[in-house]
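If you count the sequence shown from 1, position 707 lands on 707 in UniProt numbering, and the numbers rise without skipping. Data first, discussion second: the structure below is written as structure tokens.
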Amino acid sequence: MDLYKNFPVLVIDNQLKTGNIEGMALRKIINSLINKGLAVIELEMDIFDHRLALSADSEISCILLGWNKVSAYRSMSQLGKLINQFRERNEALPIFLMTDKLDIKNIPIDTIKRINGYIWKTEDTPDFIAGRIENAVKKYLDGLLPPFFRALLKYTREYKYAWHTPGHMGGIAFLKSPAGRIFHSFFGENAFRADVSVSVPELGSLLDHSRAIHEAEVNAAQIFGADITYFVTNGTSTSNRTVLQATVKPGDIVLVDRNCHKSVMQAIIITGAIPIYLRSYRNNYGIIGPVLADELSAGSINKKIKDCPLLKGRPGQVKLTVITNSTYDGICYHVGMIKEKLQQNGTGLTENILFDEAWYAYARFNPIYTDRYATCCRQKDPAYKLIFATQSTHKLLAAFSQASMIHIMDQTGDFSRDRFNEAYMMNASTSPQYGIIASLDIAAQMMEGSFGRLMTQSAIEEANIFRKKMAQIGKDLNLYGKWWFKVWQPSAIGGQDYDQVDDYVLSTDPACWVLRPDDNWHGFEKIADNYAMLDPIKVTVLTPGLEESDQTAGRGLPAPIVTKFLNGRGIVTEKTGFYSFLILFSIGITNGKSGTLLAELFALKKVYDTNPPLGEVFPELAGLYPSGMTIRALCQEMHSFLNAIKYDKLFKSVYAYLPEQCLTPAGAYRELLAANVKPIKITELANKTAAVMVVPYPPGIPVIMPGEKFNPLLVKYLQFYEDFNKHFPGFENELHGVNINGGEYTTYCIAPPKPPL
Ligand SMILES: *Cc1c(COP(=O)(O)O)cnc(C)c1O
């Protein structure tokens, strides 16, 4: 039972310390359990301890509960309630009642239904009782393991000699060099013994989805609500490419969210598809909203196809539509509404839909996301062939980096596994990491039953504690005319101030989070009602500078300075804009973690208000800025810089217009391969055709795609990044697709045809 040693049996009884017959019998049972190698935790009956027990239940392997007349729980109903609580949290955990035969008639039916059996402390022998308990524990713990991990565990325990790759042979090779030894001892022997190759037949093959791997994929499909699930060991980047390669031929039309991840764009290059883009809402903070609902109508899509210069008037059907759900900033869609909009008279305007749910694999497990994730619709919709969801299991569930899943919902029953698998294999390594596969298996299993709901619920509750606290602090400080950070969230719900809304309502009622057309907190104009919802666990904090009150007070605290400060204090945020930053509350959140963030925000406020010299706060910046410059002077300079270029309007408008398409992305890539491209300075980009995609960080969304023509607005936008980087050393933004040589920013454009000789 070695791996199981850490799963103690919990004994709750009020006779643990008594010397009477029952107390002595109980002591003997406990000693027998310990002799069998089981750990035991003893708890007197006491409400507080029970709470503790409840919160630690993932490490308990069995509960023995004393049910007797002299119980401190005089009321049986209270004891029954406790059993219900355990049961609600864990359906499989063995629970035994320790009672007396005479008492059994007093136990309510409702309780009897929820337990696994009785223990007659004074009648059977302690060894016999302990043996029964041990069996139940074994059965429970064995049942916890999902198919692939179970098989891997069994295999590594058999201590076979390996005559196959990987060449480290279960880790042994590392021990032959001092550096290798350190590596080995850091990761531990199991990491290497479980790193086996595809030559182990009993584990099955990822490439043809056989045996234990197949079982694990079937288990995950059932847990995530898909018809078919495939495990992917190289990220959702690969999952997206696989879905595109499995559905799209050269010249096919794909309709894509303009804010898609770059892997979608790369897949468009690889497949030779013709992209038609869907524009999104954007607000003054640069926060990306959902795709404009109007863009999904037949009229809009047909017009886009008709006007697309790459199609030259050729009519065509959309093969695949790609929607990012949720967006980076946590906007999730009403999936049914999207499916409804994308069809006309029962015929899909698109053959297939891909929901890129890289950030959203947890949605199925909490009712607050009802209707807002791809696998929510069990009802088949024959307007479409296939509906896909790709999820980065590693991003917001518990799995190793690169763990990803493709979920398929077959709408018409025509899906061919064999044909799909050709695209799958084309993107998969022939030597997948079995640790990643095992982590996919476990990540799915962890969400099974009530655990998924409990974990997501506590992430939502923790996020709301932080959100409410921020609102409260803001209100209190404003009373004294002082400033505080805002959070991008409703200021009031149902006429009640946000910080006054009941915790339970905030954490369970989606209506609190739905974006309404007549609300103005979100800043998206004319948004369709109920179409989009803000995911409470994705919290965007707004920094002072853009609100009217900030402008009259001349206050500006750009977010790059805030997150640099937080970073120096050990707090790493997910994404930083110019006046906003994003933090995530995932299932890995610990209670009260946000308290440290609050404390640091206070510390930063104090720094801003007391205005010390820059070098005291950021010693690494001291040499880069004029000596004697204060922190607020730096804030002011950055703020004025952003003001001068009308930051908010620029960011809003640059994504509002789609650049002209001159070449297909694949065509532009061919020019790059043929070296028929030239590096062009940013100031000279107007009217040139991009050969590569350019992605500024933040927000990490391509601003131009290969084959598109730079317009003056785009030039201004990229110029802004170059100027900003030069002005504010230590705060440089990355610009993918832009090369910096000797301080000069250039990007590859298609070279003009050579003039005839
Ligand atoms: C991160 C991300 C991906 C790629 O996922 P990886 O698992 O990192 O390869 C795809 N789409 C979106 C929207 C993402 O945010």
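Note that beta-carbon positions come from the ideal geometry of N, C-alpha and C, so glycine has one too.
Exercise for review: Using the Cα positions of residue 25 and residue 494, report the straight-line distance between them to the nearest angstrom.
Suggested key: Within the sequence shown, the letter at position 25 stands for residue 25. Within the sequence shown, the letter at position 494 stands for residue 494. Going by the C-alpha atoms only, they are around 59 angstroms apart.
Review point. How is residue 201 classed by DSSP in three states: helix, strand or coil?
Key: As a first step, residue 201 is located in the sequence shown; it is residue number 201 there, counting from the start. In this structure, residue 201 counts as helix in the three-state DSSP scheme.
Exercise for review: Enumerate, from N- to C-terminal direction, the unbroken alpha helix (DSSP H) stretches of 4 or more residues contained entirely within the stretch 62-116.
Suggested key: 76-89 and 109-112
Exercise for review: Excluding the 5 residues preceding and the 5 following residue 488 in the sequence, name in chain order all residues of the same chain whose CB lies nearer than 6 angstroms to its CB.
Suggested key: Residue 488 sits at position 488 when you count from the first residue of the sequence shown. So the qualifying residues of the chain are 540 and 542.
Practice item. Give the secondary structure of residue 490 by DSSP, where H, G and I count as helix, E and B as strand, and everything else as coil. Key: Within the sequence shown, residue 490 is the residue found at index 490, counting from 1. Coil at residue 490, not helix or strand.
**Study point:** Coil, strand or helix - residue 181 by DSSP
**Key:** Position 181 of the sequence shown holds residue 181. Of the three classes helix, strand and coil, the one that applies to residue 181 here is helix, per DSSP.
Practice item. Between the Cα of residue 642 and those of 263, 59, 188 and 284, spot the shortest distance and give me the residue it belongs to. Key: Sequence index remark: in the sequence shown, residue 642 carries index 642 (1-based). Residue 284 holds the alpha-carbon nearest to the alpha-carbon of residue 642 among 263, 59, 188 and 284.
**Study point:** residue 611 beta carbon near ligand 1 (any heavy atom closer than 7 angstroms)
**Key:** The residue you call residue 611 lines up with position 611 of the sequence shown. The answer is no for residue 611.
Review point. Taking just the CA atoms, how far does residue 729 sit from residue 715?
Key: What you label residue 715 is simply residue 715 of the sequence shown in a count that begins at 1. What you label residue 729 is simply residue 729 of the sequence shown in a count that begins at 1. Computed Cα separation, rounded: 22 angstroms.
Practice item. Go ahead and label residue 1 buried or exposed: buried means 16 or more other beta carbons lie within 10 angstroms of its beta carbon, across all protein chains shown. Key: What you label residue 1 is simply residue 1 of the sequence shown in a count that begins at 1. The predicted model places residue 1 with a pLDDT of 47, which falls under 50 and marks its position as unreliable, so this point remains unresolved.
Review point. What's the C-alpha gap between residue 92 and residue 670?
Key: As a position in the sequence shown, residue 92 is number 92, starting the count at 1. As a position in the sequence shown, residue 670 is number 670, starting the count at 1. Distance between the alpha carbons of residue 92 and residue 670: 57 angstroms.
Review point. So the beta strand (DSSP E) residue 159 belongs to, where does it begin and stop?
Key: Along the sequence shown, one-based indexing puts residue 159 at 159. Premise fails: residue 159 is in no beta strand (DSSP E) and is neither H nor E.
Review point. Pick from 200, 734, 137 and 120: whose alpha carbon is nearest that of residue 38?
Key: Taking the first residue of the sequence shown as position 1, residue 38 is located at position 38. Residue 137 is the option with its Cα nearest to residue 38.
Review point. Out of curiosity, what's the CA-to-CA distance linking residue 313 and residue 89?
Key: On the sequence shown, residue 313 is found 313 positions in, with the first residue counted as 1. On the sequence shown, residue 89 is found 89 positions in, with the first residue counted as 1. Distance between the alpha carbons of residue 313 and residue 89 is about 59 angstroms.
**Study point:** N- and C-terminal bounds of the beta strand (DSSP E) containing residue 739
**Key:** In the sequence shown, counting from the first residue as 1, residue 739 sits at position 739. From DSSP, the beta strand (DSSP E) with residue 739 extends over 739-741.
Check your understanding: Would the beta-carbon of residue 343 fall within 8 angstroms of that of residue 233?
Key -> In the sequence shown, residue 343 corresponds to position 343, counting from 1. In the sequence shown, residue 233 corresponds to position 233, counting from 1. Going by C-beta atoms, residue 343 is not nearer than 8 angstroms to residue 233.
Check your understanding: What three-state label does DSSP hand residue 139 in the structure shown?
Key -> Here residue 139 corresponds to residue number 139 of the sequence shown, with the count starting at 1. In the structure shown, residue 139 sits in a helix (DSSP, three-state: H, G or I).
**Study point:** Element boundaries [beta strand (DSSP E), containing residue 29]
**Key:** Indexing the sequence shown from 1 puts residue 29 at position 29. Note, residue 29: premise wrong, no beta strand (DSSP E); alpha helix (DSSP H) at 21-35.
Review point. Excluding five sequence neighbours on each side, which residues of the same chain lie with their C-beta closer than 7 angstroms to the C-beta of residue 311?
Key: Numbered from 1 along the sequence shown, position 311 holds the residue referred to as residue 311. 274 and 305, listed in sequence order.
Point to revise | Beta-ladder partner(s) of residue 682, from DSSP | key: As a position in the sequence shown, residue 682 is number 682, starting the count at 1. DSSP lists no partner for residue 682.
Check your understanding: Within this structure, are the beta carbons of residue 156 and residue 193 separated by less than 8 angstroms?
Key -> The sequence position of residue 156 within the sequence shown is 156, counting from 1. The sequence position of residue 193 within the sequence shown is 193, counting from 1. The answer is yes: Cβ separation under 8 angstroms.
Review point. Are there 16 or more other CB atoms within 10 angstroms of the CB of residue 497, so buried, or fewer, so exposed?
Key: Walking along the sequence shown from the start, residue 497 turns up at place 497. Residue 497 should be labelled exposed.
Exercise for review: May I ask you to check if the CB of residue 267 is nearer than 7 angstroms to at least one heavy atom of ligand 1?
Suggested key: The residue labelled residue 267 in the question sits at position 267 within the sequence shown. Not so, every heavy atom of ligand 1 lies at least 7 angstroms from the Cβ.
**Study point:** Segments assigned alpha helix (DSSP H), at least 4 residues, entirely inside the stretch 302-374
**Key:** You should have 335-341.
Check your understanding: Between the stretch 261-269 and the stretch 236-252, do three or more beta carbon pairs fall short of 8 angstroms?
Key -> Touching, yes, given that three or more Cβ pairs across the two stretches are closer than 8 angstroms.
Point to revise | Closest Cα partner of residue 420 within the set 294, 62, 228 and 57 | key: Numbered from its first residue, the sequence shown carries residue 420 at position 420. The shortest C-alpha separation from residue 420 is found at 228.
Check your understanding: Looking at residue 257 and ligand 1, is the gap between the Cβ and the nearest heavy atom below 7 angstroms?
Key -> By 1-based counting over the sequence shown, the position of residue 257 is 257. Relative to ligand 1, the beta carbon of residue 257 is positioned no closer than 7 angstroms to any heavy atom.
Practice item. Note the first and the last residue of the continuous alpha helix (DSSP H) segment covering residue 239. Key: For this step, residue 239 is matched to residue 239 along the sequence shown. Counting along the chain, the unbroken alpha helix (DSSP H) around residue 239 starts and ends at 235-247.
Exercise for review: Following the continuous beta strand (DSSP E) through residue 282, name the residue where it begins and the one where it ends.
Suggested key: Numbered from its first residue, the sequence shown carries residue 282 at position 282. Taken as a continuous stretch (DSSP letters only), the beta strand (DSSP E) holding residue 282 covers 280-282.
Review point. Any idea what DSSP makes of residue 497, helix, strand or coil?
Key: The count along the sequence shown starts at 1 and reaches residue 497 at position 497. Strand, per DSSP.
Practice item. Classify residue 426 as buried or exposed, calling it buried when 16 or more other Cβ atoms lie within 10 Å of its own Cβ. Key: For the purposes of this step, residue 426 is identified with residue 426 of the sequence shown, where counting begins at 1. Counting Cβ neighbours within 10 Å, residue 426 comes out exposed, since fewer than 16 surround it.
Exercise for review: Report, in whole angstroms, the separation of the C-beta atoms of residue 114 and residue 87, which I expect to be a contact under 8 angstroms.
Suggested key: For the purposes of this step, residue 114 is taken as residue 114 along the sequence shown, with counting starting at 1. For the purposes of this step, residue 87 is taken as residue 87 along the sequence shown, with counting starting at 1. That pair is a contact at about 5 angstroms.
Point to revise | contact_flag[the stretch 212-231, the stretch 433-450] where n(CB pairs < 8 angstroms) is 3 or more | key: yes
**Study point:** Distance, residue 407 Cα to residue 770 Cα
**Key:** Shown here, the chain extends from 1 to 757; a query on residue 770 therefore has no answer.
Exercise for review: Please classify residue 335: is it buried, with 16 or more other beta-carbons within 10 angstroms of its beta-carbon, or exposed?
Suggested key: Translated into the one-based positions of the sequence shown, residue 335 becomes position 335. Residue 335 should be labelled buried.
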